[in-house]
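Chains as they are written, first to last, in the working numbering: chain U, 3 to 356; chain Y, 2 to 607. For each residue, glycine too, the CB sits at the ideal point set by N, CA and C. Since the structure is predicted, the reported quantities are computational estimates derived from the model, not experimental observations. The block underneath contains the structure these notes are about, expressed in structure tokens.
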């Protein structure tokens, strides 16, 4: 098991990073009234961990006994039936799924699954906790229609089930849903917090941590705890005992992007643009999200760029990132950015060096 | 069900005409054939009484429209008409001037000879003695005389033709009417299957009512049933392959090529597939090419002579050129052209030339001088050609058009020389370009055509392609149910893409040979979705510990690279070993990471 999973806090009491949130959640649940929840925050800040711990707090250890189900859903959508295959994680008391996996048919799945949940409502002897919890991941990736239908079903079935929504950016969740949920912002952990976690893991694993090493990992991780722990483990595999100036291996795709950036800086021509396209394809095909590619590419380019140009380049990167989200095929827009950059940079070179 | 009354056939009588000359063979029923005496061409036939519908409906024979073409009759009729009457305006020249001898066929002599010798051979030798199948596929574009060739050869060989013609489709009202009358609906494909089945098993048993048992029979399948959907197509294919394997009757299957340019069109691809599978089952194949200009011209002038029309040679030439090798089209065009001076005739015949849009005819009447395009078929371009035009971006060397005083002036930087081609939208139209593939193709290939120095151009082009992508995406996201909106968006996107490429490519690279590649993007998208699914599936099986749903992006950007380093395998026992002996684990990890890398190589290879 990876360390990220091994040292994931199982209960709210064990949580190190967002202790305050954990305490609040605990209080909330103890009062027996759990509203719909919306967790949002950057990737690797601990949203899922909090959710899992919360479920355990509500339902006890049974919440951890999950089974993976690959279910086929037959959904009657008026004139036709839609067959969808979706993986869900279920325990007796909760269901977790990523409706975004269903693509543009997500709205059907959301409705259907909630109806299903409402149908077999678990009943306690005392009649309490008579609800199931539905955990929806990546709510911000849901289409607008799906979010609307989610809103309706949320109200209709609120007696039977609670929703826990999880997303990166709450700005992509409609106002209607946000106002129906208790919003919980999960910040990215600060570097000190990450260091604390790393030291905790190091102690548990019985590792000698040279001073400053954990801080370096934390700094490299971009305040992403998951990432920090993963690269910590990578370092452990690469070299142990640690030295304080040990190289922290970058992710392979990041290296690849910095290679692309070097290529771009070296030559600016349509031919080079074509080569860059090939490399970007390589990244995309390995499921690296285009937004991340563009962001990272900008980051790498900025490192090598004259300060004079930085503003303009950032502007164009933002412009094309926006268009990329509106558009359909990311490569068109990434390529347009690269072309624009090359054209700016070339003009700059000619102006400076003649 | 789709049955029409049989039609009175006129043989030699001048005053009679055939309102549906083309369709008569289709609607004749085999039962009624005995009433036609082929050896007696001079005699006018009795009208055939349509079989009473109810009585016949149950039997499949009714559905199966096998009919003989009576060549002698038609031939006689033509001869008479050619001599004695001026012009029967109600008749299409295409039918009137059907080729009646091998010499009159405009088709390439070699091809005709090929078909003829094949048929002769099959007919001469007793059944089943020649090796190979007795099926011949004749393929070619529309209007190159596939059917005519078979008919003429058959009449020459004194063989009877027995044709399958797809029955007229049942329209919905008819179906409702029929089913309320208690009749079952059989699909046309079912009918065809039944027919083929019968032919395979029993051969064609026509000698019984023909009397002339010596005459041999050729089966012609002119019109394959329309198949809708893969399933139906596979049925058709199976049934035809069976036919090829087992039939004993010499059979000619005529397949119209729709040209390969529309590779997005499923039917065309299926037809190709069908041909291949039939060939592999043993059928012989003769491919007809479009008819040459000269043959068309010869035929046209022959017709002109017979019709006593004066048509200048260059006009014939024009018609021939415009027809694009389609002789049927050329003849119809000629007929239309000859109508021109005589409005009365034109009016009376307008209903017999329904294939002509009215405005075309009007245009012909009003514009006396320029008849360059009236009889042209709309020129079609292959996608390849269209792309070539866009990418090569041929322009005039200088701007010859004098600028209007009032014209909107664009800055020096933005003005471009005029095109050396039609407007891009027209080309798109001719190529039947769908905007998405066009955009993708342009995106894939355009960089090759830019000069090496022209970075700004590259940006302009890339940005316009991005615009096109945005337009296309808007269409998809909103899922516009209105096809109008959709069409406008689509064509706007295509236009933006094409014009962007044309405009942006200000400094084209010196023209040289470029291969036009298929967009790599398609392949990428394909394998991307494959990878994604793979990842989604693996997230449970790969690691025992993952008891949650991670996003694909997180897996790809964070877990996967680390897993590669750490070398975890999906085996469960890694977990138990973990905190044990270090060196031992290191070793096993090394091995595993090797395996890992191999796996990765696979992934990179796509």
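Here the alpha carbons of residue 474 (chain Y) and residue 298 (chain Y) stand approximately 50 Å from one another. Using a Cβ-Cβ cut-off of 9 Å, residue 335 (chain U) counts as an interface residue toward chain Y, since at least one Cβ of chain Y sits closer than that to its own.
With respect to chain Y, the C-beta atom of residue 304 (chain U) has no partner C-beta closer than 9 Å.
Sequence-ordered contacts of the segment 313-344 of chain U with chain Y read 325, 328, 329, 330, 331, 333, 334, 335, 337, 338, 341, 342 and 344 [C-beta pairs closer than 7 Å]. With a cut-off of 8 Å on Cβ pairs, the segment 269-283 of chain U is in contact with the segment 341-350 of chain U, counting three or more such pairs. Within 9 Å of the CB of residue 118 (chain Y), no CB atom of chain U is found; the nearest one sits about 54 Å away.
At a cut-off of 9 Å between C-beta atoms, residue 451 (chain Y) counts as an interface residue with respect to chain U.
A distance below 8 Å between beta-carbons, with the five flanking residues on each side excluded, links residue 11 (chain U) to the following residues of its chain, in chain order: 17, 18, 51 and 55. Excluding the 5 residues flanking it on each side, residue 288 (chain Y) has same chain C-beta neighbours closer than 7 Å at 140 and 141, in chain order. Per DSSP, the unbroken alpha helix (DSSP H) holding residue 156 (chain Y) starts and ends at 147-157.
Residue pairing by DSSP puts residue 285 (chain Y) in a beta bridge opposite Y:137. Judged by DSSP secondary structure, residue 161 (chain Y) falls within the beta strand (DSSP E) whose first and last residues are 161-165. About 18 Å separates the Cβ atoms of residue 233 (chain U) and residue 302 (chain U), ruling out a contact at the 8 Å cut-off. Taking a beta-carbon distance threshold of 9 Å, residue 294 (chain U) counts as an interface residue toward chain Y.
Every alpha helix (DSSP H) stretch that sits fully inside the segment 149-236 of chain U and reaches 4 residues is listed by chain position as 177-182, 193-207 and 215-222. Looking at the DSSP output, residue 96 (chain U) bridges to U:135. The shortest CA-to-CA distance from residue 452 (chain Y) to any of Y:489, Y:446, Y:471 and Y:507 is the one to Y:507. The residues 31, 36, 95, 131 and 135, in chain order, have a CB closer than 8 Å to that of residue 60 (chain U) in the same chain once the five nearest residues on each side in sequence are set aside. Taking 9 Å as the cut-off between beta carbons, the residues of the segment 239-254 of chain U near chain Y are 239, 240, 242, 251, 252, 253 and 254, in sequence order. In the three-state DSSP reduction, residue 312 (chain U) falls in the helix class (H, G or I). Judged by DSSP secondary structure, residue 221 (chain Y) falls outside any alpha helix (DSSP H) and instead within the beta strand (DSSP E) spanning 218-222.
For residue 254 (chain Y), the CB contacts under 6 Å within the same chain, skipping 5 residues up- and downstream, are 138 and 222 in chain order. 226, 228, 229, 232 and 233: these are the residues of the segment 217-234 of chain U whose beta carbon lies less than 9 Å from some beta carbon of chain Y, given in chain order. The C-beta of residue 498 (chain Y) has 16 or more other C-beta atoms within 10 Å across all chains shown, which makes the residue buried. For residue 255 (chain U), the number of other beta carbons within 10 angstroms of its own is at least 16, and it is reported as buried.
Close CB contacts of residue 249 (chain U) within its chain, under the 7 Å cut and outside five residues either way in sequence, are absent. Straight-line measurement puts the Cα of residue 176 (chain U) at about 10 Å from the Cα of residue 147 (chain U). As DSSP reads the structure, residue 509 (chain Y) sits in a beta bridge with Y:451. Between residue 101 (chain U) and residue 144 (chain U) a beta carbon distance of about 6 Å is seen, short of the 8 Å cut, so the two are scored as contacting. Residue 251 (chain Y) places its beta carbon less than 9 Å from that of residue 135 (chain Y). Taking C-beta separations shorter than 8 Å and ignoring five residues to either side along the sequence, the partners of residue 348 (chain U) in its chain run 270, following chain order. Pairwise C-beta distances place the segment 174-182 of chain Y out of contact with the segment 225-234 of chain Y, as fewer than three of them are shorter than 8 Å. The Cβ atoms of residue 200 (chain U) and residue 216 (chain U) lie closer than 9 Å to each other. When C-alpha distances from residue 233 (chain Y) are compared across Y:199, Y:198, Y:277 and Y:188, the shortest belongs to Y:188.
Nearest CB-CB separation between residue 412 (chain Y) and chain U: not below the 9 Å threshold. When DSSP reads this structure, residue 253 (chain Y) sits in a beta bridge with Y:137 and Y:221.
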